[in-house]
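Visitor:
In this note's numbering, the protein residues as written are 11 to 439.
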């Protein structure tokens with residue numbers, strides 16, 4: 011770990027770091043370091059006072075970063091400069107940004123963003139933040155002037171213009187996020203951001219990092235109907251609604267108390283979002299219904315996301331033998347058959363084989379595109395996530411259909427190859 015003046019020894023390493031993650035507490039840095047080592051990260055350098063961890067990571071395995079816990083953001087580093095008394099940042103015209111921005115390997119940055127989000131970014135913007143005490147020389151810098159200089163420098167990047175990207179302050183795909191601290195200026199492109207400061211739910215449920223992982227795996231698209239048939243306190247749906255404002259979200263549960271808690275969570279988060287003037291989640295509709303007898307017409311749901319009962323806190327492993335089979339039968343009825351219908355289901359290690367057997371029994375209807383596991387929590391409980399693709403009528407007639415679903419009309423939604431090494435590399439923590 012780097013402290014005090016020793017930071018200068020690491021300036022070259024910081025410049026060559028490809029990723030940086032931030033935490034909200036110094037106390038979790040050691041745990042995050044262990045997670046990074048477990049998934050194969052190298053050149054790990056932690057700056058405790060900055061709450062930042064720099065590391066190198068293979069581009070072709072970038073989606074394994076999804077399993078990181080206890081982090082606020084994971085970003086791809088554009089440039090990083092150690093600040094000294096002679097740093098060019100302190101020049102009043104901020105001309106240094108032109109050279110720094112043009113020296114960025116934008117091909118790698120864009121490729122990384124595309125691999126993670128599975129689409130081409132079309133717009134960009136710049137955001138700046140200063141985290142400096144009044145005693146620091148960096149306190150004399152002007153955040154808005156820095157932002158303006160960065161924006162002007164970005165307009166001069168011919169590569170971004172050549173791939174059709176333009177500046178959009180209101181709905182950007184890609185953001186160059188710049189943080190000025192007493193010792194560093196770091197510019198990085200966020201790949202993922204945990205929902206840590208969007209509002210606190212009154213009734214605690216599934217941890218937001220797991221909710222985020224489920225919804226990101228589903229790759230929800232605009233205008234899709236998204237259902238959680240066992241929504242509980244609606245934590246998964248609330249997480250999904252923040253990041254997909256153009257989709258439609260439905261939650262059902264048989265437990266009246268859970269539905270009441272879900273409504274209070276949704277209302278509470280909306281109120282906090284409005285009062286704090288931050289991004290609000292999309293409206294979520296709730297109803298009382300049995301997950302195995304849902305009141306929806308055939309092929310009316312595009313995506314199902316759900317944290318299934320493991321048999322620990324809710325239900326039993328024995329009951330899951332029947333529940334999982336009946337649930338998949340009902341989902342087979344309501345999920346669209348256009349090659350895009352899909353389910354992302356999470357269960358515990360004790361019920362993993364039950365879900366896998368239920369999928370096998372429904373193999374005429376569902377393709378198991380991928381499944382992966384990871385250890386979670388202080389006691390290292392193993393969790394499993396299954397990505398199921400609803401077969402089209404053509405698939406159901408073709409017994410040669412294999413797990414790697416690749417329809418021409420839906421292949422852009424699924425990049426199963428990115429998950430190849432998740433299970434083997436995340437199983438150690």
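Just so you know, even glycine gets a beta-carbon here, dropped at the ideal spot from N, CA and C.
Using a 10 Å radius around the Cβ and a threshold of 16 neighbouring Cβ atoms, would you call residue 32 buried or exposed?
Guide: Burial call: buried.
Visitor: Using 10 angstroms around the beta-carbon of residue 214, count the other beta-carbons present and answer buried if the total reaches 16, otherwise exposed.
Guide: Classification of residue 214: exposed, given that the 10 Å Cβ count is below 16.
Visitor: Quick check: what's the CA-CA separation for residue 29 versus residue 373?
Guide: Distance between the alpha carbons of residue 29 and residue 373: 40 Å.
Visitor: Which of helix, strand or coil does DSSP assign to residue 200?
Guide: Residue 200: strand per DSSP, three-state reduction.
Visitor: Can you tell me whether residue 386 is helix, strand or coil according to DSSP?
Guide: DSSP places residue 386 in strand when its eight states are reduced to three.
Visitor: If you draw a straight line from the alpha carbon of residue 393 to that of residue 164, how long is it in whole angstroms?
Guide: Straight-line Cα distance between these residues: approximately 42 Å.
Visitor: Which ranges does the beta strand (DSSP E) cover as unbroken runs of at least 3 residues, wholly within the segment 112-195, from first to last along the chain?
Guide: With a minimum length of 3 residues, the continuous beta strand (DSSP E) runs that stay inside the segment 112-195 are 133-140 and 184-190.
Visitor: From residue 337 to residue 50, what distance separates their C-alpha atoms?
Guide: For residue 337 and residue 50, the distance between alpha carbons rounds to 37 Å.
Visitor: Would you call the CB atoms of residue 160 and residue 81 closer than 8 Å?
Guide: Going by C-beta atoms, residue 160 is not nearer than 8 Å to residue 81.
Visitor: Does the Cβ-Cβ distance between residue 244 and residue 294 come in under 8 Å?
Guide: Going by C-beta atoms, residue 244 is nearer than 8 Å to residue 294.
Visitor: Restricting to runs no shorter than 4 residues, where is the alpha helix (DSSP H) found entirely within the segment 39-118?
Guide: Segments of the alpha helix (DSSP H) lying fully in the segment 39-118: 39-48 and 106-112.
Visitor: Compare the Cα-Cα distances from residue 172 to each of 117, 129 and 127 and report the closest residue.
Guide: Of 117, 129 and 127, the residue nearest in Cα terms is 117.
Visitor: Could you round the C-beta distance between residue 296 and residue 261 to whole angstroms and report it? I think they count as a contact, below 8 Å.
Guide: About 5 Å; that satisfies the 8 Å criterion.
Visitor: Can you tell which of 314, 312, 313 and 333 has its C-alpha closest to the C-alpha of residue 320?
Guide: Of 314, 312, 313 and 333, the residue nearest in Cα terms is 333.
Visitor: Of the choices 120, 97, 63 and 182, whose alpha-carbon is the least far from that of residue 83?
Guide: That would be 63, whose Cα lies nearest to the Cα of residue 83.
Visitor: Roughly how many whole angstroms lie between the Cα atoms of residue 11 and residue 305?
Guide: With a pLDDT of 39 at residue 11, under the threshold of 50, the modelled position of that residue is not reliable, and no figure is offered here.
Visitor: Considering only the beta carbon of each residue, do residue 348 and residue 402 sit closer than 8 Å?
Guide: Taking 8 Å as the Cβ cut-off, residue 348 and residue 402 qualify as a contacting pair.
Visitor: Out of 58, 45 and 106, which one is the CA nearest neighbour of residue 78?
Guide: The candidate whose alpha carbon is nearest that of residue 78 is 45.
Visitor: Which residues in the same chain have their Cβ closer than 6 Å to the Cβ of residue 91, if we skip the five residues on either side of it in sequence?
Guide: Result list for residue 91: 195, in chain order.
Visitor: Pull up the DSSP beta-bridge partners for residue 396, would you.
Guide: Answer is 355 and 381, bridged to residue 396.
Visitor: Among residues of its own chain, excluding the 5 on either side of residue 431, which ones have a beta-carbon nearer than 7 Å to its beta-carbon?
Guide: The predicted model places residue 431 with a pLDDT of 35, which falls under 50 and marks its position as unreliable, so this point remains unresolved.
Visitor: With residue 353 and residue 365 assumed to form a contact (beta carbons below 8 Å), what rounded beta-carbon distance in angstroms separates them?
Guide: That belief does not hold up - the Cβ atoms of residue 353 and residue 365 are roughly 11 Å apart, past 8 Å.
Visitor: What are the boundary residues of the beta strand (DSSP E) that residue 294 is part of?
Guide: Unbroken beta strand (DSSP E) run through residue 294: 294-298.
Visitor: Cβ atoms of residue 234 and residue 313: under 8 Å apart, would you say?
Guide: Yes, they are a contact pair.
Visitor: Assuming the contact rule is C-beta atoms closer than 8 Å, residue 298 and residue 267 should be a hit. Round their C-beta distance to whole Å, please.
Guide: Contact doesn't hold; Cβ gap of about 11 Å is too wide.
Visitor: Compute the distance between the beta-carbons of residue 356 and residue 275, then report whether it is under 8 Å.
Guide: Against a cut-off of 8 Å, the Cβ pair of residue 275 and residue 356 comes out as no contact.
Visitor: Could I get the ranges of all uninterrupted alpha helix (DSSP H) runs contained in the segment 249-290, with 4 residues as the minimum, in chain order?
Guide: List check, alpha helix (DSSP H) in window: 266-285.
Visitor: Where do the N-terminal and C-terminal ends of the alpha helix (DSSP H) with residue 328 fall, by residue?
Guide: Taken as a continuous stretch (DSSP letters only), the alpha helix (DSSP H) holding residue 328 covers 327-344.
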